[in-house]
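A quick write-up on the structure given underneath.
Protein chains in written order, with our numbering: chain W, 6 to 167; chain S, 28 to 231.
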């Protein structure tokens, strides 16, 4: 059923109930934060671009950052009936697409996104049960409300489920 | 200044910048390939981040991306995206092989591709430099072969620190009838496109 598929773009969050599927195409250094309420089969996906909102000059769009993006997603999910104590997390992305010889902090942006995400989730006591992060390749992810499966598609690094 | 304050005159000037830069690069590419290379009218894309992944015929399309930082009086990125089969042909011609021979990605072919990126972006930027009288130089190129969306997100993330939109000056390269072979993106940061406009007397 293609009707159930909801796309989540860059700097965007969304959530859906069973039997919905959340999809993000071509994740690079961005991180896809997939949250699953195991009791009521409600899933949420945040596609964040940057680690911390307080480090940016413009932080009006909460979905852009790991810290505010996770909170925004949790608000949406709790409106949909999810409760924090039943939520688990899966992570994907945070790659370094280009290897520069320079020392720009853009080099480590993927890694810093993953670190910030984990730190925020830890503060919220949301367990990260699996992840596929880092590397130097892009990922497309599909998150299924059916069972909380997260499919990860790559070019040249296969398909896997976490 | 906000990107939304750009009027149609500013956009036309930015298009002309794309035209002159990419025109020079297209000539360089045509010389490398020994084939006629055309280009489309440049487009100025001012996009919200959620749309970025959708350009270039889909976020999952595999492409070759060559990214360089722009240094000097302006800063930002220049990204040259090549369709995979075009990259294939290019490398084979440079290595004096048959154009349709299967391309194996190894140190030599990747470095050849980077060099192509280097030549093309340098032609683009030097035309820009001559036009504006600004000092504009490319940094060392970096290369990735992957999903278009993941590659385009790299300059977008840099924009994300300051704005909620990203400005791409995009020029498509075409070979033969209507086959898109590559796509040039100049992604100046906010201060830089103002400086570009200013240097051409287009800011008042």
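Quick reminder that beta carbons are idealized off the backbone N, C-alpha and C, glycines included.
What first and last residue would you give for the alpha helix (DSSP H) that runs through residue 148(S)? 134 to 159
Mapping the DSSP letters down to three states, classify residue 6(W) as helix, strand or coil. Because residue 6(W) carries a pLDDT of 47, less than 50, the predicted location of this residue cannot be relied on, and the following value inherits that uncertainty. Three-state DSSP puts residue 6(W) in coil, outside helix and strand.
Under 7 Å between the Cβ atoms of residue 148(W) and residue 50(W)? yes
Grouping DSSP H, G and I as helix and E and B as strand, with all else coil, what is residue 129(S)? coil
When you compare the segment 162 to 169 of chain S with the segment 130 to 139 of chain S, are there three or more beta-carbon pairs, one atom per stretch, that lie closer than 8 Å? no
Could you please give the first and the last residue of the uninterrupted beta strand (DSSP E) stretch that includes residue 158(W)? 155 to 158
Would DSSP call residue 102(W) helix, strand or coil? coil
Residue 183(S), buried or exposed, once every other Cβ within 10 Å from all chains shown has been counted against 16: buried
To be precise: take each residue of the segment 48 to 76 of chain W, compare its Cβ to all Cβ atoms of chain S, and keep it if any distance is under 7 Å. Which residues remain? 54, 55, 61, 62, 63, 65, 66 and 69
In the DSSP assignment, what are the bridge partners of residue 26(W)? 10(W) and 149(W)
Cβ-based neighbour list, residue 157(W), same chain, cut-off 8 Å, excluding 5 preceding and 5 following: 97, 137, 144, 145, 146, 164, 165, 166 and 167
Using the three-state DSSP reduction, which class does residue 41(S) fall into: helix, strand or coil? helix
Need the endpoints of the beta strand (DSSP E) that residue 165(S) sits in, please. 163 to 165
Which word fits residue 130(W), buried or exposed, when buried means at least 16 other C-beta atoms lie within 10 angstroms of its C-beta? exposed
Just to confirm before moving on: does the CB-CB distance between residue 121(W) and residue 71(W) stay below 7 Å? yes
Considering just the uninterrupted stretch of the beta strand (DSSP E) at residue 198(S), what are its terminal residues? 192 to 202
Any C-beta of chain W under 7 Å from that of residue 110(S): no
At a CB-CB cut-off below 7 Å, which residues of chain S make contact with residue 34(W)? 180, 181 and 184
Does residue 30(W) come within less than 7 Å of chain S when only Cβ atoms are used? yes
Given this structure, state the Cα-to-Cα distance separating residue 150(W) from residue 56(W), to the nearest angstrom. 26 Å
Give every residue of the same chain whose Cβ lies closer than 6 Å to the Cβ of residue 141(S), excluding the five residues on either side of it in the sequence, and list them in chain order. 168 and 170
Where residue 79(S) meets chain W, residues with beta-carbon distance less than 7 Å: 15
Can residue 99(W) and residue 37(W) be called in contact, C-beta distance under 7 Å? no
Interface residues of chain W around residue 89(S) at Cβ under 8 Å? 160
For residue 197(S) versus residue 212(S), is the C-beta distance shorter than 7 Å? yes
Just mark residue 89(W) as buried or exposed, buried being the case when its beta carbon has 16 or more other beta carbons within 10 Å. exposed
Spell out whether any CB of chain W is found under 7 Å from the CB atom of residue 113(S). no
Look at the alpha carbon of residue 176(S) and the alpha carbon of residue 191(S), and state the distance between them as a whole number of angstroms. 17 Å
Within 10 angstroms of its Cβ, does residue 132(W) collect 16 or more other Cβ (buried), or is it exposed? exposed
Applying the criterion that 16 or more other CB atoms from any shown protein chain within 10 Å of the CB defines a buried residue, is residue 210(S) buried or exposed? buried
Please list the segments of the alpha helix (DSSP H) lying wholly inside the segment 55 to 116 of chain S, counting only runs of 4 or more residues, in order along the chain. 76 to 79
Quick check on residue 167(W) - is its C-beta less than 7 Å from some C-beta in chain S? no
Once the 5 residues before and after residue 101(W) are set aside, which same chain residues still bring their CB inside 6 Å of it? 115 and 141
Are the CB atoms of residue 79(S) and residue 15(W) nearer to each other than 7 Å? yes
Provide the residue span of the alpha helix (DSSP H) that contains residue 74(W), from first to last. 71 to 84
The segment 133 to 148 of chain W: which residues have C-beta closer than 8 Å to a C-beta of chain S, in chain order? 141, 142, 143, 144 and 145
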